[in-house]
Amino acid sequence: MESVKRIKFSFNKPVGYMYLYDRSDEIKKLSESESAFLLGPLGIGKTSLLKSYLEHKMCNALWINGERIRNFNSFVNSLKREYSKLLKNRLAKSAGQFSELNAPLLEIESYKEGKSDRYTFLNNFLDYLAFISDQKICLVIDDFTEIRKIGPAFLDISRAIYKVLKKRKISILLASSELGYAREILEKKDLPFKKVFSVLTLKPFGLEVSFDFLSKGLEDYGVSCPKKYIGDSYYVSEGFPLWLSLIGLRMLEGKCAPEGIYTDKRAQLFWVERLTKLSVKEKYMLRLIAKGESYRLAGPHSRRVLNSLIRRGYIIKNKQEVIVDPVLQYLLKMELI
Ligand SMILES: Nc1ncnc2c1ncn2[C@@H]1O[C@H](COP(=O)(O)OP(=O)(O)O)[C@@H](O)[C@H]1O
Ligand SMILES: [Mg+2]
């Protein structure tokens with residue numbers, strides 16, 4: 002891969018290929034595998050990597066955002082919207098047969114008229130995608146495991162994905178920060194996603210990469226901050242691109258101390274918004290763990306609550322339970338949120 006041309010510090014806005022820093026190995030791995038399941042906590046750069054990869058490969062992609070899917074119909078509507086967009090922008094320029102290109106849309110219409118069940122519809126739809134001339138189509142489902150919230154239809158989606166991938170005619174890219182749920186799906190016995198996906202776990206930037214990311218970025222903007230602060234940034238962010246970007250942004254604003262992100266409204270709001278999706282007990286348990294106390298203090302069913310937090314990717318369990326995100330850990334410990 003050619004070297005990265007620019008650095009952009011943007012908070013919680015995925016970057017494209019032009020600004021993708023230090024992920025050339027990952028881009029290479031994605032290129033080598035037909036279909037991949039990307040794992041990694043929030044803010045590690047999954048969406049940025051997917052977006053950049055599609056740009057790099059110039060793939061005709063249907064992009065589904067799992068977080069936005071409320072029910073099966075909204076999934077179908079997203080497919081329709083994305084396919085229509087693709088048809089308009091790219092496929093139209095191809096030599097494909099009109100009827101061939103229209104087949105996926107007709108399949109959606111016939112599903113909406115009640116002529117087929119969910120699973121049959123999806124199978125046909127994906128099959129049609131696979132057979133569209135020689136143009137490779139990528140189906141991307143970002144935050145894939147969030148779709149589980151729609152209930153049994155999620156199983157239909159998973160089964161159809163598994164089936165089409167066994168035929169290896171289409172490229173499917175999934176991403177999830179809900180590590181526990183993602184692992185369960187990958188390991189399922191009756192639907193072994195592990196066999197059809199290469200699993201790619203995104204890691205934080207290392208010490209040196211974090212340092213270079215910030216110092217080169219500052220240089221690009223003609224701003225300087227003391228080296229000590231740039232070095233300390235790795236320890237505050239633990240190399241999460243999301244937090245390094247916020248630290249970089251703040252440095253551009255003239256605020257060099259990396260610890261400043263703890264009291265930065267953008268960081269606090271990021272977590273406050275996400276925590277609203279958790280139950281009272283889950284939030285209580287997160288606070289206990291942040292303060293180094295036993296999760297069992299959360300009372301009855303504490304084991305179940307802990308498992309839910311692990312499945313949703315908030316916590317990992319080594320010898321002890323730890324909060325995955327370094328900023329969330331600090332904010333809860335210091336009761337800043
Ligand atoms: N490789 C990268 N190079 C530069 N910035 C990145 C990179 N990966 C992530 N970022 C930054 O980190 C933030 C979070 O990235 P995102 O792709 O949304 O993570 P995720 O999808 O894993 O939650 C974005 O604001 C983006 O600017
Ligand atoms: Mg994302």
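In the working numbering, each number is its position in the sequence shown, counted from 1, plus 1.
For every residue, glycine included, the Cβ atom is placed at its ideal position computed from N, Cα and C.
Taking the straight line between their C-alpha atoms, what separation do you get for residue i and residue j?
i           : j           : result
residue 300 : residue 332 : 23 Å
residue 7   : residue 294 : 43 Å
residue 262 : residue 338 : 13 Å
residue 125 : residue 115 : 14 Å
residue 3   : residue 334 : Here the model assigns residue 3 a pLDDT of 47, short of 50, so the residue's position is not dependable and the matter cannot be decided.
residue 166 : residue 16  : 28 Å
residue 50  : residue 27  : 8 Å
residue 21  : residue 47  : 11 Å
residue 307 : residue 100 : 52 Å
residue 182 : residue 285 : 21 Å
residue 244 : residue 77  : 35 Å
residue 149 : residue 312 : 12 Å
residue 207 : residue 29  : 19 Å
residue 324 : residue 35  : 33 Å
residue 219 : residue 11  : 13 Å
residue 1   : residue 70  : Since the first residue shown for the chain is 2 and the last is 338, residue 1 is missing from the structure and cannot be characterised.
residue 173 : residue 37  : 7 Å
residue 132 : residue 287 : 48 Å
residue 60  : residue 164 : 22 Å
residue 105 : residue 291 : 49 Å
residue 344 : residue 18  : Any answer about residue 344 is impossible in this case: the structure gives the chain only from 2 up to 338.
residue 330 : residue 180 : 18 Å
residue 65  : residue 147 : 11 Å
residue 328 : residue 336 : 12 Å
residue 272 : residue 322 : 19 Å
residue 316 : residue 310 : 6 Å
Hey, residue i and residue j are a contact pair by Cβ (cut 8 Å); roughly how many whole angstroms apart?
i           : j           : result
residue 178 : residue 67  : At roughly 11 Å, the Cβ-Cβ gap does not stay under 8 Å, so residue 178 and residue 67 are not in contact.
residue 157 : residue 112 : Incorrect: roughly 12 Å between the Cβ atoms, too far for contact.
residue 365 : residue 192 : The requested residue 365 is not part of the displayed model; the chain covers only 2 to 338.
residue 83  : residue 63  : 4 Å
residue 138 : residue 171 : 6 Å
residue 142 : residue 72  : 15 Å between Cβ atoms; not a contact.
residue 44  : residue 241 : 5 Å
What three-state label does DSSP hand residue i in the structure shown?
i           : result
residue 16  : coil
residue 72  : coil
residue 66  : strand
residue 206 : coil
residue 323 : strand
residue 143 : strand
residue 8   : coil
residue 172 : strand
residue 199 : strand
residue 43  : coil
residue 138 : strand
residue 318 : strand
residue 126 : helix
residue 131 : helix
residue 177 : strand
residue 241 : coil
residue 161 : helix
Q) Counting Cβ pairs, one atom from each stretch, are 3 or more of them under 8 Å apart for the segment 54 to 64 and the segment 184 to 192? A) Segments in contact, no.
Q: Indicate whether the contact test is met: 3 or more Cβ pairs, each with one atom in the segment 245 to 257 and one in the segment 199 to 215, closer than 8 Å.
A: Result yes; three or more Cβ-Cβ pairs closer than 8 Å.
Q.
Check whether the segment 217 to 235 and the segment 195 to 202 touch, using three or more Cβ-Cβ pairs below 8 Å as the test.
A. no
Q) Is it true that the segment 203 to 212 meets the segment 230 to 237, where meeting means three or more beta-carbon pairs spaced less than 8 Å apart? A) The segment 203 to 212 is in contact with the segment 230 to 237.
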